[in-house]
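Heads up: the structure comes next, in structure tokens.
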Amino acid sequence: MGKLDLRLPPGVKDILPEEIPGWHYLEDVVRELALLYRFHEIRTPILEKALLFKRGVGETTDIVLKEMYVFKDRGGRELALRPEGTAPIVRAYVEHGLHTRPQPLKLYYLGPMFRHDRPQMGRSRQFHQFGAEIFGAPGPLADAEIIAFLSAFLSRAGVRDWELELNSVGCPECRPRLLAALQDYFRAHLTELCPDCRQRLERNPLRVLDCKEAVCQEVVQRAPTPMDYLCSRCQSHFAAVQEELRGMELPFRINPRLVRGLDYYTGTAFEVLSSSLGAQNALGGGGRYDYLVQECGGPPTPGVGFAVGLERVLLALSKQPDCPFPTGEKRQGVFVVAPDEEGRREQARWVRRLRSAGVPSDRDYVAERGLRAQLRQADRMGARWALILGSEELAQGKVRLRDLEKGEQFDLPVERVIDWLKTEATGGKE
Ligand code: AMP
Numbered sequence: 000m001g002k003l004d005l006r007l008p009p010g011v012k013d014i015l016p017e018e019i020p021g022w023h024y025l026e027d028v029v030r031e032l033a034l035l036y037r038f039h040e041i042r043t044p045i046l047e048k049a050l051l052f053k054r055g056v057g058e059t060t061d062i063v064l065k066e067m068y069v070f071k072d073r074g075g076r077e078l079a080l081r082p083e084g085t086a087p088i089v090r091a092y093v094e095h096g097l098h099t100r101p102q103p104l105k106l107y108y109l110g111p112m113f114r115h116d117r118p119q120m121g122r123s124r125q126f127h128q129f130g131a132e133i134f135g136a137p138g139p140l141a142d143a144e145i146i147a148f149l150s151a152f153l154s155r156a157g158v159r160d161w162e163l164e165l166n167s168v169g170c171p172e173c174r175p176r177l178l179a180a181l182q183d184y185f186r187a188h189l190t191e192l193c194p195d196c197r198q199r200l201e202r203n204p205l206r207v208l209d210c211k212e213a214v215c216q217e218v219v220q221r222a223p224t225p226m227d228y229l230c231s232r233c234q235s236h237f238a239a240v241q242e243e244l245r246g247m248e249l250p251f252r253i254n255p256r257l258v259r260g261l262d263y264y265t266g267t268a269f270e271v272l273s274s275s276l277g278a279q280n281a282l283g284g285g286g287r288y289d290y291l292v293q294e295c296g297g298p299p300t301p302g303v304g305f306a307v308g309l310e311r312v313l314l315a316l317s318k319q320p321d322c323p324f325p326t327g328e329k330r331q332g333v334f335v336v337a338p339d340e341e342g343r344r345e346q347a348r349w350v351r352r353l354r355s356a357g358v359p360s361d362r363d364y365v366a367e368r369g370l371r372a373q374l375r376q377a378d379r380m381g382a383r384w385a386l387i388l389g390s391e392e393l394a395q396g397k398v399r400l401r402d403l404e405k406g407e408q409f410d411l412p413v414e415r416v417i418d419w420l421k422t423e424a425t426g427g428k429e
């Protein structure tokens, strides 16, 4: 690239062809389970007004204060690359009057998110989330359903060794007392907090509970927790969620210090953690947000949802000995080889017939290369089979097939070849 350095900026990555099988695998799992659990896909733009996230996620959150990509477009509008998926879906819910459709409305999304955080293993500036939301269902059964959907996704994807942590962060009725208690406690221990938490203490004391700094951990261990301050409605809701999870045989652990990095959560909050991921061990999280729709200009509508980071799920899977998707290139399809004039006359027709029959196929694009050069090309292109249209075999109503993986070859009658390859190409599943 000469003197110009046109390489990608830090924290964003290309997904190269050999990594695609993992992505397709996860995307297929998402679609299959969404169908089973009756969630409908929604796709919203990557660009939104920055105000949506300031309002929705919260002005004082790290995401909005430090991590959001915000810029002015050519019309002077303040826009943001979406840092998360829930606020945009709530915006779409309000904007399109989705509350007038039969409720509860169950939606899911899949796509890139952007946060200007310090890149490290498991953390990048563009990453992908799969998330789901249920609107219009205030009861604990909806919380349980969303958690069931998330855990079905992880199980069906084949992730091992993950754990569900659960908490309740209270509602507008009980939270003021909790925040006051936290502020009192942390003010008394101000000098023992990290500089970030000294600021958080005033703006968002709940977040101090979640600080990863070793100094804060000590103080946090003895701090009041949301659980101590829940109102009776939050208490019984939380108890019912647990009851339902037990009924579904979904193991969980209560973590009284679990809070989420977004302001909109009320009541149930949860996270799924993987033991194989090191420092960035959260695979996903979510919770209830009963005031966000109203906050974004819609009618009072309860909501509950989750988001999982797909890069982290892929990372966890790729570390497992039984990784469920191919991590290297797999030989696939047919390369139609024409060693002579007669074969060349037939070549295009064979490629077309194979493709029409659903067999992935290709050919050499360099005219009139010899048999050996074409076979080498078939090998380099990663074909599983070379179908050789030799004039001698064609005269006998046959073609030659070479298995490029095993290095064996044999002849098959012309009329049987396509069916035979079709069965092989689909693994005999048709
Ligand atoms: P959050 O809603 O912030 O908890 O994000 C939900 C999930 O998205 C996390 O548990 C991660 O799996 C993933 N995630 C969040 N931020 C990043 C990031 N910067 N890079 C990669 N994955 C991320």
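So that you can map any letter, position 383 of the sequence shown is 382 in numbering that gives the first Met the number 0, and since no number is skipped, the others follow by simple counting.
The beta carbon of each residue, even a glycine, is placed where N, CA and C say it ideally should be.
Quick caveat, the model's predicted, so the values are computed rather than measured.
Shown here for TYR92: same chain residues with a beta carbon closer than 7 Å to its own, the five before and five after excluded, namely HIS98, PHE134, VAL292 and GLY297 in chain order. GLU162 sits in a strand when the DSSP states are folded into three classes. GLU47 carries a strand assignment under DSSP once its states are collapsed to helix, strand and coil. Going by C-alpha positions, LEU80 is about 26 Å away from LEU104.
In the three-state DSSP reduction, ARG122 falls in the strand class (E or B).
GLU162 and VAL271 do touch by the CB rule: their CB atoms are close to 7 Å apart, below 8 Å. One Cα belongs to GLU31, the other to LEU25, and the distance between them is close to 10 Å. Under a 10 Å Cβ-count criterion, HIS127 is classified as buried, with 16 or more other Cβ atoms of the shown protein chains found around its own Cβ.
TYR228 carries a helical assignment under DSSP once its states are collapsed to helix, strand and coil.
Here GLY130 carries a strand assignment [DSSP, helix/strand/coil]. Put simply, the segment 147 to 165 touches the segment 314 to 334. At least three CB pairs are less than 8 Å apart. Positions of the alpha helix (DSSP H) runs, each at least 4 residues long and wholly inside the segment 275 to 325, are given as 291 to 294 and 309 to 317 in order along the chain.
Contact check between the segment 335 to 348 and the segment 388 to 402: three or more CB pairs, one atom from each, fall below 8 Å, which counts as touching. If you compare the alpha carbons of ASP13, GLN376 and ARG199 with that of LEU64, the shortest gap goes to ARG199. For PHE269, the enclosing beta strand (DSSP E) has its first and last residue at 267 to 273. Only exposed fits MET120, as fewer than 16 other CB atoms lie within 10 angstroms of its CB.
A straight-line Cα-Cα distance of about 10 Å links ARG6 and LYS12. In the displayed model, PHE113 falls within a strand according to three-state DSSP. When DSSP states are grouped into helix, strand and coil, TYR108 belongs to the strand group. Per DSSP, PHE38 is not a residue of any alpha helix (DSSP H), being assigned neither H nor E.
ASP61 and ALA49 have their C-alpha atoms spaced approximately 14 Å apart.
In the assembly as shown, LEU34 is an exposed residue. Its beta-carbon has fewer than 16 other beta-carbons within 10 Å. With a threshold of 6 Å, the Cβ atom of ASP13 does not count as near ligand 1, since no heavy atom of the ligand is closer than that. Residue nearest to GLN376 within the set PRO338, PHE237 and LEU106 is PRO338 (criterion: CA-CA distance).
SER150 has its Cβ no nearer than 6 Å to any heavy atom of ligand 1. At a Cβ-Cβ threshold of 7 Å, ARG354 and SER360 count as neighbours. Between the beta-carbon of GLU40 and that of TYR107 there is about 6 Å, and that keeps the pair under the 8 Å contact cut.
Taking one beta carbon from each stretch, the segment 203 to 210 and the segment 181 to 188 have 3 or more pairs nearer than 8 Å; the two touch. DSSP places ASP183 in no beta strand (DSSP E) but in the uninterrupted alpha helix (DSSP H) bounded by 174 to 187. If you look at ARG202, you'll find it in the alpha helix (DSSP H) that goes 194 to 202. Nearest to LEU282 by alpha-carbon distance, out of VAL312, GLN346, GLY10 and PRO175, is VAL312.
By the criterion of a C-beta distance shorter than 6 Å, PRO20 is surrounded in its chain by PHE324 and PRO325, once the five residues flanking it on both sides are discounted. Proximity of the beta carbon of GLY327 to ligand 1 is not indicated: no heavy atom of the ligand is located closer than 6 Å. CA-CA distance, THR265 to ASP402, rounds to 60 Å.
Looking at the backbone, the Cα of THR190 and that of CYS215 are separated by about 10 Å.
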